[in-house]
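Novice: I'd like to ask you about the structure that follows.
In the working numbering, the protein residues as written are 4 to 142.
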């Protein structure tokens, strides 16, 4: 669909009046209360850690290669701050990445710790905060 076809479909009769004028279109996202992804995995290739920036570490010489990774995605995005706190209290994990502007949390650690942390985060958001949640996936 071309831009013109889209505008025609949206504005119908008004499109003829708007044609040729400068239009400003904005995308609006209305975040719900949702945990929309919760995934746990243990990469076998170190490039996964490098591409996620997990090989850098916060301390010189820190290396997460071989650890499991848990990724959780939230809306609203600020919920990631609460999730990080719960994850850290639920297992011996480290925060690999936390983005409060996009709602992404990546944690690393032993598989059992990552799994218990991710499951506790999802449980807390579902049962205590009444968020809609997805199931925790693992491969």
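Glycine included, each C-beta is placed from N, C-alpha and C at the ideal position.
#1: Would you mind giving the Cβ-Cβ distance between residue 90 and residue 110, rounded to the nearest angstrom? I have them listed as a contact below 8 Å.
#2: Between 24, 121, 85 and 133, which has its C-alpha nearest residue 95's C-alpha?
#3: Buried or exposed: where does residue 99 fall if 16 or more other Cβ atoms within 10 Å of its Cβ makes it buried?
#4: Just how far apart, CA to CA, sit residue 129 and residue 54?
#5: With 16 as the cutoff for other CB atoms within 10 Å, does residue 84 come out buried or exposed?
#6: Does the distance from the C-beta atom of residue 38 to that of residue 137 stay below 8 Å?
#7: In terms of DSSP beta bridges, what is residue 140 paired with?
#8: Using a 10 Å radius around the Cβ and a threshold of 16 neighbouring Cβ atoms, would you call residue 76 buried or exposed?
#9: For the beta strand (DSSP E) that residue 53 lies in, which residues bound it at each end?
#10: Measuring alpha carbon to alpha carbon, tell me which residue in 82, 68, 56 and 27 is nearest residue 36.
#11: Out of 124, 79, 126 and 115, point me to the one whose CA is closest to residue 105's CA.
#12: Which residue marks the beginning of the alpha helix (DSSP H) containing residue 131, and which one marks its end?
#13: On the CB-based measure, 16 or more other CB atoms within 10 Å of its CB, does residue 88 come out buried or exposed?
Specialist: Taking the coordinates as given:
#1: 5 Å
#2: 121
#3: buried
#4: 31 Å
#5: exposed
#6: yes
#7: 42
#8: buried
#9: No beta strand (DSSP E) holds residue 53; the alpha helix (DSSP H) holding it covers 49 to 54.
#10: 82
#11: 79
#12: Note, residue 131: premise wrong, no alpha helix (DSSP H); not H, not E.
#13: exposed
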